[in-house]
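Residue numbers (my numbering): 424 to 1027.
One structure is given here, and the rest of the page talks about it.
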Ligand code: AGP
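Next up, the structure:
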């Protein structure tokens, strides 16, 4: 996700902006830029890649005396990581930085282009500054124009906008993406996406709420709520602990990223989940012409996402789907046919084994697609097409929100392909989309659920192993739960199809074999329940996760009443993520940096 900084004051504005962006590097980015307005003149610099490139470009640029400035680190969601797409984006006399997604940007862009506006970038953000200037011409009052612009755009945003005619004013708006205002005792005003750039500069901070907008000058902060009523700015003392600020108060990045799943899934859906159809701007439907099979290839958690996708693709798109572990596929001398769409899945886009299989598929003349979280990564650059998961940077080695957004993309992609193949009616698609839109609320972590799992975890710190079992799409989720636990607790865990118990594994059943049983109400419940009863009858210790109470379980984690098995999937995903997190914490492990592991396995 992107990072924003802003400043109004008399210090060295350029340095303040650059150091603020440096404090936001932990959020991940692929380009950066600043703009300074001083004496009615804008100076702006942008660079692709790391901040050092921007620092090099601005080394001869000096700012002394009063100025205002905005800065931005970009995590690409619309448009490649290029200088042209880097923020700030300019109109004729204004510029803007933005974190989030403007859902109706395409329609606004068409209207503005019809009015003769020329766009320089591929971004959704650029519509904000052109829409503002259109409104400014009509109202001749900058704040009115800004207010109207905020009403015109839909989606998630944290915005800072500056315009030449108001050389002491920064306009701001917040909806869905974080934005803070910091102050100090020398009358400076700071803006940032999180606490870290403000630490050491500000004594107090206010955390803007969704719908807040307004403007700041050297002497005034004018804050309005979503109904346009002016409101008081409530400041609180700013924490001075940078690492804690980066984790935003969570104990580990992994914990923070589990809590972020709700918001990032909303971002993943934004602009793609229409009323009764799925839209992928980044895809040309011709990619699927002549395709009779989809082969999904990945490693680790991404492989579990691929396996989950295979159930959705065959069930809804009615397309033959196969899955491959990349490290096996690359040496197996596989038969590849050109009617197969080769899909690689990778959070990092750099995993060596997966990258090699992509090269093999391309060499064999197959059409290729990558589902990835990092734009401009090796796989994104190599594949014929790519879909970004928009999870934002994932710092915990154990993948959570990347997996959640991969599943979300695959569910949407199954509906997209179903439409191309005519295998789902419009009503069925609309019903799926209604359910998709409920996912963010179903993955919100409730305090009572988290407390429940924290208490439960004390019982699972030993034992001679864990079975995670599930049927159908809950089998890859069982594999994922087992991997999460292994990765960060170092306890042995295996994921199994629930129906496999009697084919050997049940020999292990005893009170210190812990079974985590995924029992969805809406998918093969009775079948899975009887598998669990086989284990319970042999005295295995059972922890059942379900919306239906299960009296033969030793522990029971109740999920909410879901009307669709995919909502049960996402809720159970959060439960197994939290369970591995809390067990690992009790064992005193480094949750974010588990032993022997790397975030991206770029060697085989
Ligand atoms: C998942 O928690 C692990 N970090 C690991 O299995 C990871 O999913 C795997 O290495 C693949 O990484 P990628 O998604 O970046 O390709």
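Beta carbons: idealized from backbone N, C-alpha and C, even for Gly.
Quick caveat: nothing in here was measured; it's all calculated off a predicted structure.
Taking residue i as the reference, give the member of the options with the closest Cα.
i	options	result
residue 599	662, 670, 522 and 983	522
residue 583	518, 640 and 624	518
residue 554	460, 532 and 826	532
residue 466	444, 510, 473 and 499	510
residue 564	544, 448 and 587	587
residue 574	743, 558 and 817	558
residue 742	721, 504 and 717	717
residue 395	876, 990, 954 and 936	This structure gives no information on residue 395, because the portion of the chain shown stretches from 424 to 1027.
residue 708	664, 807 and 485	807
residue 689	881, 901, 909 and 864	864
residue 1017	994, 942, 921 and 908	908
residue 794	778, 768 and 784	768
residue 648	636, 657 and 616	636
residue 836	1026, 733 and 789	733
residue 789	800, 776, 805 and 958	805
residue 499	544, 435, 462 and 997	544
residue 483	472, 986, 468 and 494	468
Would residue i be called buried (16 or more neighbouring beta carbons within 10 Å of its own) or exposed?
i	result
residue 452	buried
residue 754	exposed
residue 887	exposed
residue 407	No statement about residue 407 is possible, as the shown extent of the chain runs from 424 to 1027 and does not include it.
residue 589	buried
residue 603	buried
residue 927	exposed
residue 954	buried
residue 715	exposed
residue 695	buried
residue 824	buried
residue 772	buried
residue 972	exposed
residue 383	The structure shown has nothing for residue 383, since the chain only spans 424 to 1027.
residue 601	buried
residue 982	buried
residue 450	buried
residue 633	exposed
residue 626	exposed
Can you tell me where the alpha helix (DSSP H) with residue i in it begins and where it stops?
i	result
residue 558	549-562
residue 904	897-912
residue 497	That residue, residue 497, is in no alpha helix (DSSP H); its beta strand (DSSP E) goes 490-497.
residue 1008	988-1009
residue 776	775-786
residue 959	948-960
residue 876	870-879
Kindly indicate the opening and closing residues of the beta strand (DSSP E) around residue i.
i	result
residue 1015	Neither: residue 1015 is in no beta strand (DSSP E) and is coded neither H nor E.
residue 612	612-615
residue 981	978-981
residue 892	889-893
residue 800	No beta strand (DSSP E) holds residue 800; DSSP gives it neither H nor E.
residue 792	790-795
residue 537	Element bounds for residue 537: not the beta strand (DSSP E) but the alpha helix (DSSP H), 528-537.
residue 969	964-969
residue 917	916-920
residue 428	426-432
residue 809	808-811
For residue i versus residue j, is the C-beta distance shorter than 8 Å?
i	j	result
residue 1031	residue 684	Any answer about residue 1031 is impossible in this case: the structure gives the chain only from 424 up to 1027.
residue 968	residue 951	no
residue 606	residue 597	no
residue 441	residue 491	no
residue 763	residue 722	no
residue 858	residue 832	no
residue 496	residue 448	yes
residue 810	residue 703	yes
residue 834	residue 989	yes
residue 820	residue 681	no
residue 894	residue 916	no
residue 970	residue 984	yes
residue 620	residue 478	no
residue 719	residue 744	yes
residue 705	residue 880	no
residue 470	residue 526	no
Would residue i count as contacting chain B if we go by Cβ distances under 8 Å?
i	result
residue 615	Looking at the structure shown, chain B is missing, and only one protein chain is on hand.
- prompt: Along the chain, which unbroken stretches of the beta strand (DSSP E) at least 3 residues long are found entirely within the segment 819-861?
  reply: Within the segment 819-861, no complete beta strand (DSSP E) run reaches 3 residues.
field: beta strand (DSSP E) runs contained entirely in the segment 439-522, provided each spans 3 or more residues
entry: 454-461, 464-471 and 490-497
- request: Taking only runs that begin and end inside the segment 738-762, name each unbroken alpha helix (DSSP H) of 4 or more residues, in chain order.
  value: Runs of the alpha helix (DSSP H) spanning 4 or more residues and lying entirely within the segment 738-762 occur at 749-752, in chain order.
Continuous beta strand (DSSP E) assignments of at least 3 residues falling wholly in the segment 668-745: Fully enclosed beta strand (DSSP E) runs of 3 or longer: 716-721.
task: Please list the segments of the alpha helix (DSSP H) lying wholly inside the segment 561-634, counting only runs of 4 or more residues, in order along the chain.
output: 565-575
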